[in-house]
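Novice: Numbering (the working numbering), first residue to last: 45 to 585.
Think of the CB as a built atom: it goes at the ideal place given N, C-alpha and C, for glycine as much as any other residue.
Since this is a predicted model, take the numbers as computed values, not measurements.
Right, here's the structure in full:
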């Protein structure tokens, strides 16, 4: 896979880059030129000549404004387009990760990457590059005009200009370190904020508002202090650079006056040189500041590029056809960074169309075994065989077309019921209606004013637990899986709803492996086999 950088998406927009270069060249020439005209304006020998030069100054001012507007507009489009492509690339890579890879980072890391870090890419990298090119062009044209006015004056200006451009290089490491620390601190803050808002109902019901507000204040203070540290480092660089760059004007005046006293320059030329000093002072200040931002964003750019370049999860495993048998033999598994295995000796068999239940106390390893069957984690010992082949060697895409998984709480998107079931995939209306009927949703959907086009709120907050789980079952019924793995799907439902949901699941014309702790449920007799999980050991009940 080709290694992509944040600059690749920049370069892809070369037609706009050409336009930007042309517009920037225009403003670089005309911006200092309007001040350069003061030489002839002040040295005019008649009112008519002065008015002519004044009209020219106004015309040049308008042309300069026009080119600057076009330059800024074109580059903003380039930068926004590049950020959009980088964001899409990262998201595509994230969505192709395995569950284990995704969980190793966590939601907050991805949220920070796709929001805060991309904002930094736009502000501190792309727009800083624009400012460097924009102000650099203006400064070069101004220096060329100083060369025309007086080579001696140009030499003096260059001697004063070099320090502001070199000084920030000595502060780059400090800026980069504080910028990286701020980015990481914001990722931590995002994680804590996400957890706090996600636990809103718990916090309110236990009257712990003040306690969690205090925790938030502590996290927010750390983020603020980290940002303050970065901003103070940037401020130190800016003020030091400003001090030196502000020496340019008195140097121009001093050299100009000496040359005027020697008769080598007119006062009009000296005035012109003085007025043009701003076209060297401001660029020096802007370039130094923007270059520091470019360097300080290096760590963030590296993280973004690592996310873009990270290879997608391997999908080149063995193909798998219709699944008609599952066999687990002495399976042993421990989660990363834990010494004690969750599964110590798991053995079971499931034949075609059989309905199998895994029962046991919470934390005994039932859900872990279900996730191993769904190829969440490949690092197990023993055998997990689908049609006689190790599940970890199978092509993940082919496997997921054959095996469906539903968790304890089916996740729902803020979208229509139709899109929550179909997941933005096209299905015939008859097939969709059959899936809705199989999940026991027909009457409920028919009672809604907008039917399948009814919008579900964030994660189904406007639905009951049974309705949420039935939508999850409808997703599975729509896709004709060979095996369905259901992980505690009735854990939060009342007995009557649990009975109905389980009956919908067991009626599916495929193999079913259902994890449950409800051994007293009236649906248990409908399973062909029941396995008990105790302390990581799986045996027939």
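#1: The beta strand (DSSP E) that contains residue 449, what's its start and end?
#2: For residue 108, which residues from the same chain have a beta carbon less than 7 Å from its beta carbon, with the 5 sequence-adjacent residues on both sides left out?
#3: What are the partner residues of residue 578, as DSSP defines its beta bridges?
#4: Starting from residue 375 and walking both ways along the beta strand (DSSP E), at which residues does that stretch end?
#5: Check residue 92 in the structure and name its three-state DSSP category.
#6: With 16 as the cutoff for other CB atoms within 10 Å, does residue 224 come out buried or exposed?
#7: Is the beta carbon of residue 153 less than 8 Å from the beta carbon of residue 421?
#8: Mark residue 50 as exposed unless 16 or more other C-beta atoms lie within 10 angstroms of its C-beta, in which case mark it buried.
#9: Going by DSSP in three states, residue 388 sits in which element: helix, strand or coil?
#10: Keeping to the same chain, check which residues put their C-beta closer than 7 Å to that of residue 163; ignore five residues upstream and five downstream.
#11: Specify whether the region 217-235 and the region 263-281 touch according to this definition: at least 3 beta carbon pairs, one from each stretch, less than 8 Å apart.
#12: To the nearest angstrom, report how far apart residue 357 and residue 52 are at their CA atoms.
#13: Quick check: residue 450 and residue 517, are their CB atoms within less than 8 Å of each other?
#14: Taking all protein chains shown into account, decide if residue 441 is buried (16 or more other Cβ within 10 angstroms of its Cβ) or exposed.
#15: Output the distance between the C-alpha atoms of residue 408 and residue 471, rounded to the nearest integer angstrom.
#16: DSSP three-state label for residue 486, please.
#17: Where does residue 344 land, buried or exposed, given buried means 16+ other C-beta within 10 angstroms?
#18: Can the beta-carbon of residue 134 be found less than 8 Å from the beta-carbon of residue 158?
#19: What's the gap between the Cα of residue 297 and the Cα of residue 305?
#20: Taking residue 301 as the reference, give the member of 292, 293, 314 with the closest Cα.
#21: Give the range of the alpha helix (DSSP H) segment to which residue 304 is assigned.
#22: Would you mind sorting residue 328 into buried or exposed? The rule is 16 or more other CB atoms within 10 Å of its CB.
#23: Excluding the 5 residues flanking residue 541 on each side, which residues of the same chain have their C-beta closer than 6 Å to its C-beta?
#24: Taking residue 71 as part of the alpha helix (DSSP H), name the residues at either end of that continuous run.
#25: Would you tell me roughly how many angstroms separate the C-alpha atoms of residue 452 and residue 226, rounded to the nearest one?
#26: What does DSSP give as the partner residue(s) for residue 182 in the beta ladder?
#27: If distances are taken between C-alpha atoms only, which option among 368, 363, 392, 369 comes closest to residue 376?
#28: Tell whether a beta-carbon distance below 8 Å holds between residue 397 and residue 559.
#29: Give every residue of the same chain whose Cβ lies closer than 8 Å to the Cβ of residue 80, excluding the five residues on either side of it in the sequence, and list them in chain order.
#30: By DSSP, does residue 194 sit in helix, in strand, or in coil?
#31: Thinking C-beta only, is residue 260 closer than 8 Å to residue 276?
#32: Between residue 385 and the rest of its own chain, which residues show a CB-CB distance below 7 Å, the 5 nearest in sequence each way excluded?
#33: Please state whether DSSP places residue 475 in a helix, a strand or coil.
#34: Classify residue 335 as buried or exposed, calling it buried when 16 or more other Cβ atoms lie within 10 Å of its own Cβ.
Specialist: Let me lay it out:
#1: 447-450
#2: 71, 74, 75, 78
#3: According to the DSSP secondary-structure assignment, residue 578 is paired through a beta bridge with 581.
#4: Run containing residue 375: 369-377, per the beta strand (DSSP E) assignment.
#5: helix
#6: buried
#7: no
#8: buried
#9: strand
#10: Around residue 163: no qualifying Cβ.
#11: By the C-beta criterion, the region 217-235 is judged to be in contact with the region 263-281, since at least 3 inter-stretch pairs fall below 8 Å.
#12: Since pLDDT at residue 357 reaches only 48, below the 50 mark, its modelled position is unreliable, and no value is offered.
#13: yes
#14: exposed
#15: 39 Å
#16: helix
#17: When all chains shown are included, residue 344 counts as buried.
#18: yes
#19: 12 Å
#20: Nearest to residue 301 by alpha-carbon distance, out of 292, 293, 314, is 314.
#21: Looking at the DSSP string, the run of the alpha helix (DSSP H) that includes residue 304 is 292-305.
#22: buried
#23: 510
#24: 58-80
#25: 37 Å
#26: BP columns for residue 182 are empty, so no partner.
#27: 392
#28: no
#29: 189, 316, 320
#30: coil
#31: no
#32: 376, 377, 378, 580
#33: helix
#34: Classification of residue 335: buried, given that the 10 Å Cβ count is 16 or more.
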